[in-house]
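Working notes, beginning with the structure itself.
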Amino acid sequence: MSSPAIETDNLTKQYPHGFLNLKKRTSLEGLNLQVEEGEIFGFIGPNGAGKSTTIKLLMRLIFPTAGSARILGKPISDIEMHRDIGYLPEQPYFYDYLTAAELLDYFARIHDMTAADRTECIHRMLKKVGLETAGKIQLRKYSKGMLQRVGMAQAILHDPKLVILDEPMSGLDPVGRREVRDIILELKRDGKTVMFSTHILSDAEMLCDRVGVIVGGKLRGMGAPEQLVDLKTQGMEILFELAGQATAALLSKATRTGDRYRLQVPEPELYGAIEQLRASGARVLSVAPVRATLEEFFMDLVEADRAQAAAVEVSGK
Amino acid sequence: MKRMGVVALNTFREAVRDRVLYNLLFFALVMMAASIIAGQISIGIEETVIATLGLSAISLIGLLIAIFIGVGLVSKEMDKRTLYALLAKPVRRWEFLLGKFGGLILTLAVNTAAMGVGLFLALVYVKPTLERGDATVFVAVYFIWLKLALVVALALLFSCFTTPLLAILFTAGIYIVGLYVQELRDLPVAVMSPGMTAFTKTLSYLLPNFENFNLMAMAAHSRPVPGTLIAQNTLYAAVYCAIVLTGAVLVFSRRNLK
């Protein structure tokens with residue numbers, strides 16, 4: 001059985017602060033995470049939750065206070081493992097005196113690519129991220145969205161097995177976001193593993209096989225998006241319209257959109273409600289389960305975390 | 001090693017694109033003005049004036065580049081987070097650090113060599129017949145480059161653990177003290193306590209002796225330089241740089257980036 005693409009064991013990061021750095025602030029607490037090979041894993045959480053800290057720990061940009069991590073079966077201290085990973089930093093900034101093509105050439109040289117491979121690969125990557133006409137412009141003239149695209153290109157330039165993207169949709173317009181989503185899906189089709197952090201939940205719901213929800217430096221939930229939200233199925237929604245002058249007793253509880261109405265009822269009351277609507281001359285168009293969105297699941301966790309933090313603060317006083 | 005070279009060449013390219021070598025134009029103007037003025041105000045000592053002025057300008061311009069760009073080599077990359085994407089690739093931190101060092105000393109080599117040639121041409125202008133001793137000016141320029149390499153190593157070390165402003169102050173401070181190492185060694189022992197004597201003596205050997213690299217008087221009077229001095233200074237700079245860079249690597253390898 002192959003080892004997970006990413007595996008962390010009790011990964012913890014504390015930063016010293018305060019007078020003489022005597023106090024410790026915990027950014028990440030005992031993270032146990034597994035990202036399986038070939039999956040798209042979304043790492044979601046509000047700003048300051050510990051997403052970027054985790055990714056920086058994996059990339060050895062910062063060092064853990066406790067715990068360990070392995071990538072592609074190797075300890076993160078093994079530099080050769082970096083040949084097989086691609087990384088897009090959050091809000092990437094590159095050498096602005098270089099053109100996009102020169103920057104990619106620089107990174108390709110770091111990866112020991114031959115001159116012929118570099119030329120072909122740079123052309124292909126620029127085309128893939130929609131920058132083929134801007135490849136010879138210095139990066140200082142690039143917009144934030146264009147820099148994000150260059151960042152994406154450098155992350156996948158060397159055909160890595162694992163791609164780690166820190167807020168890849170940040171700063172992109174809808175077209176750019178769509179293109180990044182397509183690239184992520186293409187990477188999955190090619191058998192790559194993708195881990196990306198985001199606080200845009202719709203992106204995670206749309207793309208991810210599994211997500212990990214991190215709040216306040218702690219992992220609060222992990223699994224397929226539908227698994228996480230299935231726990232919170234919230235009844236049934238009836239979509240109906242009124243025929244002629246008919247009225248329904250339940251109408252006051254329904255929400256009107258144009259000529260149509262939406263009514264949410266608990267699951268055991270579904271058939272009774274349909275009967276009432278039909279009896280009063282309404283035409284039922286559809287019935288669908290109402291499931292909590294990932295956002296609601298996420299917001300519940302954030303609210304719980306805030307409440308807990310407030311309680312600690314009060315008891316501390 | 002290859003990756004270090006890639007980083008070094010990129011650092012050199014950065015210096016060129018950021019117009020660091022434009023200082024050569026300024027130097028050329030100084031040399032042209034000096035040649036003309038020296039010819040008018042001094043009789044028989046034109047070459048001395050030009051050599052002194054030229055070497056001082058090479059040293060000063062080089063020092064400004066070595067300190068200010070040297071301090072920014074790593075701190076700028078950390079501030080702008082340009083090294084994040086690089087360090088996620090198969091590059092060890094020491095390769096990055098030594099690559100940056102290599103890139104700047106390459107820039108300084110090109111810069112000082114170009115200024116050295118300019119100075120030599122100015123000397124030829126005032127003194128058409130050349131002697132063997134006139135080549136001393138090139139050795140003096142080489143020694144300035146060695147000195148600058150040491151300054152860059154120090155700037156790099158300080159920038160690895162402190163703010164850019166403090167790193168500039170520390171590097172400039174060490175440079176100034178390093179010019180007076182011999183005086184520190186020759187302090188009157190009779191008026192000092194044994195402890196103080198031992199301290200100043202130790203300090204004088206620990207600090208880099210920048211005065212070792214000053215060949216201005218010999219170049220001004222076209223006196224040939226013994227080969228042993230060239231070898232000694234080269235070895236001294238290489239060993240001192242190696243020690244300082246080892247320290248920088250040790251600090252940088254453990255540093256948490258922002």
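Chains A and B, in that order, give the protein sequences. Residues in the first sequence are numbered from 1 upward in steps of one, following my numbering. Residues in the second sequence are numbered from 1 upward in steps of one, following my numbering. Glycine included, every Cβ here is placed at the ideal spot set by N, Cα and C. Computed from a prediction, not measured in an experiment: that's the story for all the values here.
- Following the DSSP letters along the chain, one finds A:Pro289 inside the beta strand (DSSP E) bounded by residues Ala282 to Pro289.
- In this structure, the straight-line span from the alpha carbon of A:Gly212 to that of B:Ala66 is close to 47 Å.
- Contact annotation for A:Pro89 against chain B: Arg81, Tyr84 and Ala85 [CB-CB distance below 7 Å, chain order].
- Under DSSP, A:Glu36 forms no beta bridge with any residue.
- Ranked by how close their Cα comes to the Cα of A:Ser68, the residues A:Thr8, A:Leu88 and A:Leu277 have A:Thr8 in first place.
- Runs of the alpha helix (DSSP H) lying entirely within the region 122 to 178 of chain A, each at least 4 residues long, are 144 to 156 in chain order.
- Annotation: B:Arg254 to B:Ala248 spans about 10 Å, alpha carbon to alpha carbon.
- Chain order gives no chain A residues near B:Asp134, where near means a beta carbon separation below 9 Å; the closest approach is about 39 Å.
- When C-beta atoms of the region 88 to 100 of chain A are compared with those of the region 82 to 91 of chain B, three or more pairs fall below 8 Å, so the two segments count as touching.
- Assignment of beta-bridge partners to A:Pro16 by DSSP yields A:Lys24.
- By the Cβ neighbour-count rule, A:Asn32 is exposed, with fewer than 16 other Cβ atoms within 10 Å of its own.
- Within chain B, the C-beta atoms nearer than 8 Å to that of A:Phe94 come from Thr82 and Ala85, in chain order.
- B:Gly5 has its alpha-carbon roughly 29 Å from the corresponding atom of B:Asn209.
- Apart from the 5 residues on each side of it in sequence, B:Phe213 sits with its Cβ closer than 7 Å to the Cβ of Phe143, Ile144, Leu146, Lys147 and Asn233 in its chain, given in chain order.
- DSSP places B:Leu156 in the helix class (H, G or I) of the three-state scheme.
- Within the region 88 to 102 of chain B, the residues whose Cβ lies closer than 7 Å to some Cβ of chain A are Ala88, Lys89, Pro90, Val91 and Arg92, listed in chain order.
- Only residues of its own chain outside the window of five on either side were considered, and among them Val213 and Leu228 have a CB closer than 6 Å to the CB of A:Gly221, listed in chain order.
- Close to B:Arg3, with beta-carbon spacing below 7 Å, are these residues of chain A in chain order: Ile110.
- Around B:Val177, the same chain offers Leu207 as residues with beta carbons nearer than 7 Å, after the five sequence neighbours per side are excluded.
- DSSP, reduced to helix, strand and coil, places A:Ile76 outside both helices and strands of the structure shown, so it counts as coil.
- Bridge pairing for B:Arg92: absent [DSSP].
- Beta-bridge partners assigned by DSSP to A:Gln264: A:Glu237.
- Put simply, the CB of B:Arg17 is near chain A, with a gap under 8 Å to one of its CB atoms.
- Considered as a whole, the region 80 to 125 of chain A harbours 100 to 110 as its complete alpha helix (DSSP H) runs of no fewer than 4 residues, in chain order.
- Taken through DSSP and simplified to helix, strand or coil, B:Asn214 comes out as coil.
- Judged by DSSP in its simplified three-state form, A:Phe63 adopts coil rather than helix or strand.
- Checking the DSSP bridge columns, you'll see B:Ala167 has no partner listed.
- About 7 Å separates the Cβ atoms of B:Thr136 and B:Leu215, confirming a contact at the 8 Å cut-off.
- Per DSSP, reduced to three states, the secondary structure at B:Leu130 is coil, with no helix or strand assignment.
- For A:Ile214, the uninterrupted beta strand (DSSP E) run begins and ends at Arg210 to Val215, by DSSP.
- Leaving aside the five residues that flank B:Phe252 on each side, the residues in its chain whose CB is nearer than 6 Å to its CB run, in chain order, Arg93, Leu97 and Cys160.
- Rounded to whole angstroms, the Cβ separation of A:Met236 and A:Val287 is 6 Å, and the two are in contact under 8 Å.
- Using a C-beta cut-off of 8 Å, the region 16 to 31 of chain B makes contact with the region 48 to 65 of chain B, since at least three inter-stretch Cβ pairs fall below that distance.
- In this structure, A:Cys208 is the residue among A:Leu185, A:Thr133, A:Gly258 and A:Cys208 with its C-alpha nearest to the C-alpha of A:Val35.
- Taking the Cα positions, B:Val110 is about 55 Å away from A:Glu205.
- The beta carbon of B:Ile50 sits closer than 8 Å to the beta carbons of Met31, Ala34, Ser35, Ala38, Leu119, Ala122, Leu123 and Val126 from its chain, once the five residues preceding and following it are set aside; these are given in chain order.
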